[in-house]
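Take any residue in the sequence shown, count from 1 to its spot, add 91: that is its number in the numbering used here. Below: one structure, written as structure tokens.
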Amino acid sequence: MSRVAKKPIALPKGVDCQVAADAVTVKGPKGTLKMPAIAGVKVAVENGTLTCASNDGADHKFAGTARALLANIVKGVSEGYERKLELVGVGYRAQMQGKSLNLSLGFSHPVVFAAPEGVTIETPTQTEILIKGADKQRVGETAAKIRAFRPPEPYKGKGVRYAGERITLKEAKKA
């Protein structure tokens, strides 16, 4: 069996888990997330811990994946996830207008991005974007979609980048 699957998941205070035949539902202070059941993997809740194991005679290959997904869900509903984006470039700005993010990225038109359900977007400064939510996959996907509007270019490094991302700059063409 997978080494990852053998490790139990501790449920923090205030987090409740319901295991049904078709899905696992986890409720916490940051929201409720649901994971569909994975064939061949049984999930059990006992003494405030969540354990994953493969069914008798079934393949073991999905037990570790199910455990990792459940650990992400438990962390999401208790602490939440966040990604930070930075805008680098002259005139590049971001501001929230209601539920939508208005971006000025050097195009002839402003780029308007509507925040998906379950994700909150904040702009602490004009060049920073903070994406928060309980679902790790949705937060990462939202950050990737915003970054895709103007990914960092390799000559000057202008564009939308993740906080802490290092861009390797190319040398300009010599005449």
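Built from N, CA and C at the ideal position, the CB exists for glycine as well.
What's the call for valine 203, buried or exposed, on a 16-neighbour Cβ count within 10 Å?
Position 112 of the sequence shown, counted from the first residue, corresponds to residue 203. The residue in question, valine 203, is exposed, as its Cβ has fewer than 16 Cβ neighbours within 10 Å.
In this structure, does DSSP put asparagine 146 in helix, strand or coil?
Translated into positions along the sequence shown, residue 146 becomes position 55. Coil.
Beta-carbon separation of valine 136 and leucine 161 under 8 Å?
What you label residue 136 is simply residue 45 of the sequence shown in a count that begins at 1. What you label residue 161 is simply residue 70 of the sequence shown in a count that begins at 1. Going by C-beta atoms, valine 136 is not nearer than 8 Å to leucine 161.
Kindly indicate which residue of Ser195, Asp226 and Lys247 has the alpha-carbon position closest to the one of arginine 32.
Here the chain comprises residues numbered 92 to 266, so residue 32 is not present and cannot be evaluated.
For the beta strand (DSSP E) that arginine 252 lies in, which residues bound it at each end?
Taking the first residue of the sequence shown as 1, we reach residue 252 at position 161. Residues 250-253.
What residue range does the alpha helix (DSSP H) around lysine 227 cover?
Reading the sequence shown from its first residue, position 136 is the one you call residue 227. Element bounds for lysine 227: 227-239.
In the DSSP assignment, what residue or residues form a beta bridge with glutamine 109?
Here residue 109 refers to the residue found at position 18 of the sequence shown. Thr116.
Consult DSSP for arginine 174 and reduce its assignment to one of helix, strand or coil.
On the sequence shown, position 83 is the one that residue 174 refers to. The answer is strand: DSSP assigns arginine 174 an E or B state.
Mapping DSSP to helix, strand and coil, what is lysine 125?
Taking the first residue of the sequence shown as position 1, residue 125 is located at position 34. Strand.
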